[in-house]
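Using the numbering used here, the letters of the sequence shown map in sequence onto residues -19 to 362.
Report on the following structure.
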Amino acid sequence: MRSSIEKGIRAVAAGDFVVVADDEDRENEGDLILGAERATPEKIAFMIRHTSGILCQPMTGEQLDRLELPQMVLNNTETRRTAFTISVDARTGTTTGVSAEDRARTVVMLSDPEAHPTDFLRPGHIFPLRYREGGVLKRAGHTEAAVDLARMAGLRPSGVIGELTNDDGSMMRMPELEAFAQQHDIPLITVADLIAHRYTNERIVERVQESTITTESGDWTYRVYRSRMEEGEHLALAMGDIAAGDPVLTRVHRSCLAGDVFHSKQCTCGAKLRASLKRITAEGRGVLIYLRGFESHEFGRHESSTTVRGDAGDDRVWREHGLGAQILQELGVRRMRLMSNTSASFAALSGFGLEIVERVPLITPVVDDATGEDVSTLLGGA
């Protein structure tokens, strides 16, 4: 059973472990994570016993540069582009470097802001990893999760991680992770939980432009937003007074070049966009959030396999939800009539102070070329 992110942060602050699982579409694995400065021989021994035995230490680029720890290889072909540096052992107070006591000393020394490059032997038995600035909002990996958790817990920005394994050496998946966490009374959270927590508690988007635009569907106010974590700009098209108390007709739309611009018949993206604008125009009040950079399928490829999941288990979904929710917050929207054909739950949006009071299906008029008959259909997907 998953724990709250707050419980996980408290555990790290107290020098205890937390289990962090990533998305099933990524590694689909769980790491045992500890704040680096809180490492002890006993805790490192526990990690060695229950993980693959390879312990890595996520650190900021600033720390690694100061300690003169370059990338392990120039051409990184590892599946997830995990940024390994040269491995190290502490130069003093260790023997072979591989024991739990030796590794604990190395981990603590690496986290020490006063440490010097000459304090370490190269290669060694601890594998530093370069954290990507922006954390899980930039890269949804265990490296970023460990440093983000340490920062949230008020510790130095470094952690020690190991991939949890079963007795037969296979990697633990969610059922095994849940059983392990329960057996050892360790909080279990996910990378998506961390992404959700940060989007809920940090201001990620900023408005950079506002003007009006006249389109074939009417006069709109448009606002341009940028994210501190994502490249590109996102748009909000509003009609009428959307900050008033009544629920606002709302559509959050992922950009799709093939469908939106070229009206591809292989997806319904463009049809949904046009249907949304038409519905808002008909009512004279509403908002469309247009998120760019989230195309989930290749140009011209059918979208059926890319329907957005409504749970918080997918880090990409949380990026979409988080950006859209923060833009809606900034616009003053609180209660929505959401234009969507999915029955997925978006309960986590309550953390942004947003409430879905009604789901409005997206229906587009379709005229049969032969008969002229209206054969309108419910558009598939989100």
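A virtual CB, placed ideally from N, CA and C, is assigned to each residue, including glycine.
Can you tell me the Cα-Cα spacing of residue i and residue j, whole angstroms?
| i | j | result |
| --- | --- | --- |
| E335 | I106 | 47 Å |
| V267 | T322 | 19 Å |
| V288 | H233 | The predicted model places V288 with a pLDDT of 38, which falls under 50 and marks its position as unreliable, so this point remains unresolved. |
| R315 | D173 | 24 Å |
| V313 | I222 | 6 Å |
| P155 | E9 | 11 Å |
| F64 | G212 | 29 Å |
| S244 | L49 | 49 Å |
| R178 | L117 | 8 Å |
| R18 | V241 | 54 Å |
| D11 | A(-7) | 17 Å |
| L157 | T170 | 11 Å |
| S32 | E210 | 33 Å |
| E182 | A130 | 16 Å |
| H122 | A262 | 47 Å |
| V78 | G104 | 8 Å |
| S67 | L168 | 28 Å |
| T180 | S(-17) | 17 Å |
| I166 | M(-19) | 11 Å |
| D(-4) | I343 | 52 Å |
| S138 | E300 | 28 Å |
| F332 | K(-13) | 20 Å |
| R102 | C236 | 48 Å |
| M319 | K252 | 9 Å |
| V0 | L14 | 10 Å |
| A363 | M219 | The question about residue 363 has no answer here: the residues shown for the chain are numbered -19 through 362. |
For residue i, which residues in the same chain have their Cβ closer than 8 Å to its Cβ, ignoring the five residues on either side in sequence?
| i | result |
| --- | --- |
| M368 | Here the chain has residues from -19 to 362 only, and residue 368 is not among them. |
| H282 | Note that H282 has pLDDT 42, beneath the 50 cutoff, so the model's placement of it is unreliable and no number is given. |
| T192 | D199, W200, T201, Y202 |
| R187 | R203, V204, Y205, E310 |
Using a Cβ-Cβ cutoff of less than 6 Å, which residues in the same chain neighbour residue i once the five nearest sequence positions on both sides are dropped?
| i | result |
| --- | --- |
| R317 | P227, L229, E338, V340 |
| R208 | I184 |
| I269 | A216, V232, G304, I307 |
| P21 | A80, E81, A84 |
| R60 | none |
| I(-11) | M132, A133 |
| D2 | V171 |
| G239 | C247, C249, G250 |
Looking only at DSSP bridge pairs, what is residue i linked to?
| i | result |
| --- | --- |
| D45 | None; D45 has no bridge partner. |
| T195 | G198 |
| P38 | L109 |
| Q51 | T65 |
| E(-14) | Answer by DSSP bridge pairing: none, since E(-14) is not bridged. |
| A209 | A small correction: the amino acid at residue 209 is Met; Ala does not occupy that position in the sequence shown. According to DSSP, which records beta bridges pairwise, M209 is partnered with nothing at all. |
Say whether chain B places a C-beta atom closer than 8 Å to the C-beta of residue i.
| i | result |
| --- | --- |
| M209 | Absence of chain B from the displayed structure is noted, only one protein chain being present. |
Residues in its own chain within less than 7 Å of residue i by CB, not counting five upstream and five downstream?
| i | result |
| --- | --- |
| E143 | E9, D11, T31, S32, M151 |
| said: Could you tell me which whole alpha helix (DSSP H) segments of length 4 or greater appear in the region 61 to 97? | reply: 80 to 91
| request: Within the region 130 to 189, note down every full beta strand (DSSP E) run reaching 3 residues or more, in order along the chain. | output: 139 to 143, 168 to 170
| query | What runs of the beta strand (DSSP E), each 3 residues or longer, lie entirely inside the region 214 to 244? | reply | 228 to 234
| task | Mind the definition here: the region 122 to 141 touches the region 32 to 41 only if three or more C-beta pairs lie below 8 Å; say whether that holds. | result | yes
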